[in-house]
Amino acid sequence: MPTFDVSNARIDYDITGDAGPLVVQLHGLTSSRARDAHMGLDLGRALREHRVLRYDARGHGGSTGLTAEADYGWDALADDLLHLLDHVAPGEPVHGVGPSMGTGTLLHAAVRDPERFRTLTLVVPPTAYKSRVAQAEHYRLGASLIESHGLSAFLELGDTAPVPPALADAPQSGPEISDALLPTVLRGAAATDFPARDAVARIATPTLILAWSGDPAHPVRTATRLHELIDGSRIVVARTPYGVMAWPGLFAEHVIMGGVAAHA
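Here it is in structure tokens:
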């Protein structure tokens, strides 16, 4: 697989498709592009006549990273994304899609370089703003638990968390981050947030928001708040695994219609 060097990290990525507009697909915290595919969150699989760039965020999957908490904030991950796009597709507007941490990364990148994106698809937006406070404390406690009692204690705690109805049939898997780096990544996630509300409200890129219910770490109210802030956005909430199964088709439709609008 090709790699690309950014500050303090080497990004592992791949591109499928030989021609057509470029789609960049991100993943969530502690995941990777391979794990997301395993969980049924590879939304680009329904696209035809597009190139799809998938990559592992720094410290995740096949990408490297150092033990600097600031490297794992969504603003820093947005730097990685924009540098990677400049390397792979210089000057080309792209379609962006990503769940959770990927949503936070895309929002920071879109605020910083709005002309870079033809469409945005924000998948299971995580806690943000006021609701981020409690989640941040959860991440810090998780980091301390790993350091004091090991990864197994952290995973055991995760097994007690409620499973969203939309993930009832999803396979189980562990973090795609090394044991030594995971506490740093969790603390980096604890210290980050979405861009300011007024900055998000200035996003004019066609935006699709895909949420699921029953998940305190990815509450529907965050998705609803984004829908309220981003003018003209569309929101769809999955309440069963069948709802998630519809997402690749919804995403493909959004990308194709966004491309038609951009061409017009």
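In the numbering used here, the protein residues as written are 2 to 265. Where a beta carbon is used, it is the ideal one built from N, C-alpha and C, also for glycine. Computed from a predicted model, the values in this text were never measured in an experiment.
Count the other CB atoms within 10 Å of the CB of residue i; is the residue buried (16 or more) or exposed (fewer)?
| i | result |
| --- | --- |
| S32 | buried |
| Q26 | buried |
| G151 | exposed |
| M102 | buried |
| A144 | buried |
| S149 | exposed |
| S64 | buried |
| R55 | buried |
| E177 | buried |
| A181 | exposed |
| A69 | exposed |
| Y140 | buried |
| P126 | buried |
| D15 | exposed |
| P91 | exposed |
| A154 | exposed |
Considering just the uninterrupted stretch of the alpha helix (DSSP H) at residue i, what are its terminal residues?
| i | result |
| --- | --- |
| V245 | P242 to M246 |
| D6 | Careful: D6 lies outside any alpha helix (DSSP H), inside the beta strand (DSSP E) at T4 to V7. |
| A190 | L183 to A191 |
| H228 | V221 to L230 |
| A47 | First-last for A47: undefined, no H or E at that position. |
| R203 | It is not in any alpha helix (DSSP H) - R203 carries neither H nor E in the DSSP assignment. |
| A218 | Where A218 is concerned, there is no enclosing alpha helix (DSSP H), given that its DSSP letter is neither H nor E. |
| D114 | Neither: D114 is in no alpha helix (DSSP H) and is coded neither H nor E. |
| I37 | Checking the sequence shown, residue 37 turns out to be Asp, not Ile. R34 to H39 is the extent of the alpha helix (DSSP H) around D37. |
So if DSSP puts residue i in a beta bridge, which residue, or which two residues, is it bridged to?
| i | result |
| --- | --- |
| L121 | G97 and T208 |
| R235 | L209 |
| R11 | D6 |
| I16 | L54 |
| V24 | V53 and H96 |
4-residue-minimum alpha helix (DSSP H) runs that sit fully inside the segment 50–106, ordered along the chain: The qualifying runs are 75–89.
If you scan the segment 125–178 from start to end, which runs of the alpha helix (DSSP H) of 4 or more residues do you find wholly inside it? Segments of the alpha helix (DSSP H) lying fully in the segment 125–178: 133–150 and 152–160.
Is the segment 116–124 in contact with the segment 206–219, if contact means three or more CB pairs nearer than 8 Å? They touch, by the three-pair rule.
Pairing CB atoms from the segment 158–178 with CB atoms from the segment 214–222, are three or more of them under 8 Å? Result yes; three or more Cβ-Cβ pairs closer than 8 Å.
Does the segment 163–183 come into contact with the segment 236–249, if we say contact requires no fewer than three beta-carbon pairs (one atom in each stretch) closer than 8 Å? Short answer: they touch.
Touching or not, the segment 39–52 and the segment 190–202, by the rule of three or more beta carbon pairs under 8 Å? Because the criterion of three Cβ pairs below 8 Å is not met, the segment 39–52 and the segment 190–202 do not touch.
The segment 184–199 touching the segment 244–251, judged by at least three CB pairs closer than 8 Å: Contact between the segment 184–199 and the segment 244–251 is absent, because fewer than three Cβ pairs lie under 8 Å.
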